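> In the numbering used here, the protein residues as written are 8 to 288. Here's a structure for you.
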Ligand code: AMP
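What follows is the structure, given as structure tokens:
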């Protein structure tokens with residue numbers, strides 16, 4: 008496996024693969040890899056000849072009060088995991104390699120980024136779009152794989168690819184969970200043992216909503232109230248930021264559950280911000 012730290016090195020390696028007629032898959036990550044990331048790698052490996060994993064804690068997608076400095080980093084471990092998973096190249100540039108000090112151009116998505124996580128994280132999705140657009144230009148992949156764990160991010164990236172005519176296929180991969188249901192996240196390492204117990208509330212609440220929908224509940228207000236009440240009662244350590252029923256593609260709020268309805272949840276447990284979502288039955 009090839010570990011590449013420069014933009015020119017990455018571009019040259021991707022160009023060489025393309026000249027050989029190989030199909031390139033890209034899995035963008037911020038590292039601190041876990042089984043969720045590896046499932047995206049498997050998706051890419053199954054669809055492509057060459058899989059590139061980018062590992063870059065992107066400074067421009069973090070707000071001033073967010074966890075950029077503390078974000079878990081372990082590049083050697085990540086590279087070992089990538090090697091075992093069949094990754095061909097890890098692209099791990101420095102911030103200075105990715106961003107000129109006087110950079111003045113970025114990508115802004117105006118609509119889908121406004122609500123949900125965007126409401127409390129201004130600038131986050133333009134930071135994401137900017138770095139992902141740069142990665143697409145550097146690697147020029149045929150396929151890029153993103154997790155449905157970050158459902159809003161996936162919708163925003165799909166919109167960017169459509170609106171800016173990036174010539175690649177975006178694949179959304181299912182959420183990978185711990186055995187007890189907690190959605191895997193690099194940020195789970197921040198949780199103390201008792202917070203870890205409270206964090207389970209998110210997936211439990213979404214499971215409750217799914218079972219209500221299976222029993223015939225369709226009304227968004229009813230579902231949101233049920234989820235909120237459940238968390239308040241059973242998981243008082245979960246401070247809900249939003250509970251939203253939206254269309255998975257447009258992120259438009261829905262009044263009733265229909266095809267493609269997504270129930271998304273963001274909450275703080277202690278100082279850790281967690282998100283989770285479910286596509287309703
Ligand atoms: P991150 O390193 O957190 O920026 O995530 C990199 C990619 O992995 C994103 O496309 C995420 O949606 C995806 N991802 C993170 N956690 C999971 C998970 N538990 N299941 C599936 N995909 C995930």
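C-beta: ideal position from N, C-alpha, C; glycine also. Since the model is a prediction, treat every value here as computed from it, not as a measurement.
In whole angstroms, what separates the C-alpha of residue 212 from that of residue 110?
Translated into positions along the chain shown, residue 212 becomes position 205. Translated into positions along the chain shown, residue 110 becomes position 103. In a straight line, the C-alpha of residue 212 is about 43 Å away from that of residue 110.
> Taking Cβ positions, are residue 233 and residue 219 nearer each other than 8 Å?
Your numbering for residue 233 matches position 226 in the chain shown. Your numbering for residue 219 matches position 212 in the chain shown. Yes, the Cβ-Cβ distance between residue 233 and residue 219 is below 8 Å.
> Would residue 162 pass as a contact of residue 209 if the rule is Cβ separation under 8 Å?
Here the question's residue 162 lines up with position 155 in the chain shown. Here the question's residue 209 lines up with position 202 in the chain shown. Their beta carbons are not under 8 Å apart, which means residue 162 does not touch residue 209 by this criterion.
> Is the beta carbon of residue 38 closer than 8 Å to that of residue 128?
Residue 128 sits at position 121 when you count from the first residue of the chain shown. Residue 38 sits at position 31 when you count from the first residue of the chain shown. Going by C-beta atoms, residue 128 is not nearer than 8 Å to residue 38.
> Roughly how far, in whole angstroms, is the beta-carbon of residue 12 from the beta-carbon of residue 148, given that I think they are within contact range, below 8 Å?
For the purposes of this step, residue 12 is identified with residue 5 of the chain shown, where counting begins at 1. For the purposes of this step, residue 148 is identified with residue 141 of the chain shown, where counting begins at 1. About 19 Å separates the two Cβ atoms, so there is no contact after all.
> Would you mind listing the beta strand (DSSP E) stretches within the stretch 21 to 77 that are 3+ residues and don't spill past its ends, in chain order?
For the stretch 21 to 77, whole beta strand (DSSP E) runs of length 3 or above, ordered along the chain, are 31 to 36 and 57 to 62.
> Is there at least one non-hydrogen atom of ligand 1 closer than 7 Å to the beta-carbon of residue 157?
The sequence position of residue 157 within the chain shown is 150, counting from 1. Yes, since a heavy atom of ligand 1 falls inside the 7 Å radius drawn around the Cβ of residue 157.
> According to DSSP, is residue 182 helix, strand or coil?
As a first step, residue 182 is located in the chain shown; it is residue number 175 there, counting from the start. Coil.
> Where do the N-terminal and C-terminal ends of the alpha helix (DSSP H) with residue 190 fall, by residue?
Your numbering for residue 190 matches position 183 in the chain shown. Segment: none, residue 190 is in no alpha helix (DSSP H) and carries neither H nor E.
> At which residue ranges does the stretch 89 to 156 contain complete alpha helix (DSSP H) runs of 4 or more residues, listed in the order of the chain?
Fully enclosed alpha helix (DSSP H) runs of 4 or longer: 102 to 105, 124 to 127 and 131 to 146.
> So what's residue 275 in DSSP terms, helix, strand or just coil?
In the chain shown, the residue the question calls residue 275 occupies position 268. Looking at residue 275 - three-state DSSP - the assignment turns out to be strand.
> Count the CB pairs spanning the stretch 54 to 72 and the stretch 90 to 103 that are closer than 8 Å, and state whether there are at least three.
They touch, by the three-pair rule.
> CB residue 192 to CB residue 82, shorter than 8 Å?
Counting from one through the chain shown, the residue named residue 192 turns up at place 185. Counting from one through the chain shown, the residue named residue 82 turns up at place 75. Result no, Cβ atoms of residue 192 and residue 82 do not sit closer than 8 Å.
> Straight-line CA distance for residue 221 to residue 215?
As a working mapping, residue 221 is identified with position 214 in the chain shown. As a working mapping, residue 215 is identified with position 208 in the chain shown. Roughly 10 Å separates the two Cα atoms.
> Return the Cβ separation of residue 154 and residue 47 in integer angstroms, given the expectation that the two are a contact with Cβ distance under 8 Å.
Locating residue 154 in the chain shown gives position 147, where the first residue counts as 1. Locating residue 47 in the chain shown gives position 40, where the first residue counts as 1. Yes, they are in contact, since the Cβ atoms of residue 154 and residue 47 sit about 6 Å apart, within 8 Å.
> What are the residues that DSSP puts in a beta bridge with residue 79?
Walking along the chain shown from the start, residue 79 turns up at place 72. For residue 79, which the question treats as bridged, DSSP gives no partner whatsoever.
> May I ask which residues mark the beginning and end of the alpha helix (DSSP H) holding residue 259?
Residue mapping note: residue 259 aligns to position 252 of the chain shown, counting from 1. It is not in any alpha helix (DSSP H) - residue 259 carries neither H nor E in the DSSP assignment.
> What does DSSP give as the partner residues of residue 283 in its beta bridges?
Here residue 283 is taken as the residue at index 276 of the chain shown, counted from 1. Paired residue(s): 272.
> Could you please give the first and the last residue of the uninterrupted alpha helix (DSSP H) stretch that includes residue 225?
Sequence index remark: in the chain shown, residue 225 carries index 218 (1-based). It is not in any alpha helix (DSSP H) - residue 225 carries neither H nor E in the DSSP assignment.
> Kindly give me the distance between the Cβ atoms of residue 79 and residue 14, rounded to whole angstroms, as I take these residues to be in contact under 8 Å.
As a first step, residue 79 must be located in the chain shown, where it is residue number 72. As a first step, residue 14 must be located in the chain shown, where it is residue number 7. The pair is not a contact, with the Cβ atoms about 24 Å apart (cut-off 8 Å).
> Measuring CA to CA, which of 250, 21, 236 and 241 is closest to residue 227?
Looking up residue 227 in the chain shown gives position 220. Selected option, being the one with the closest Cα: 250.
> Find the nearest neighbour of residue 271 within the set 150, 142, 106 and 159, judged by alpha-carbon distance.
Taking the chain shown and counting its residues from 1, the one referred to as residue 271 is at position 264. Out of 150, 142, 106 and 159, 159 has the C-alpha closest to the C-alpha of residue 271.
> Between residue 269 and residue 217, which are expected to be in contact by the criterion C-beta below 8 Å, what is the C-beta distance as a whole number of angstroms?
Position 262 of the chain shown, counted from the start, is the residue given in the question as residue 269. Position 210 of the chain shown, counted from the start, is the residue given in the question as residue 217. Going by Cβ atoms, the distance from residue 269 to residue 217 rounds to 12 Å, so no, they are not a contact pair.
> Decide if residue 50 is buried, meaning its Cβ has at least 16 other Cβ atoms within 10 Å, or exposed.
Working through the chain shown from its first residue, we reach residue 50 at position 43. Classification for residue 50: buried.
> Does DSSP classify residue 10 as helix, strand or coil?
Position 3 of the chain shown holds residue 10. Here residue 10 sits in strand by DSSP.
> Ignore the nearest five residues each way along the sequence and tell me which others in residue 64's own chain have a CB closer than 6 Å to its CB.
As a working note, residue 64 is residue 57 in the chain shown. These residues qualify, in order along the chain: 37 and 78.
> Just to confirm, are residue 67 and residue 125 a CB contact at a threshold of 8 Å?
Position 60 of the chain shown, counting from 1, holds the residue named residue 67. Position 118 of the chain shown, counting from 1, holds the residue named residue 125. The answer is no: Cβ separation not under 8 Å.
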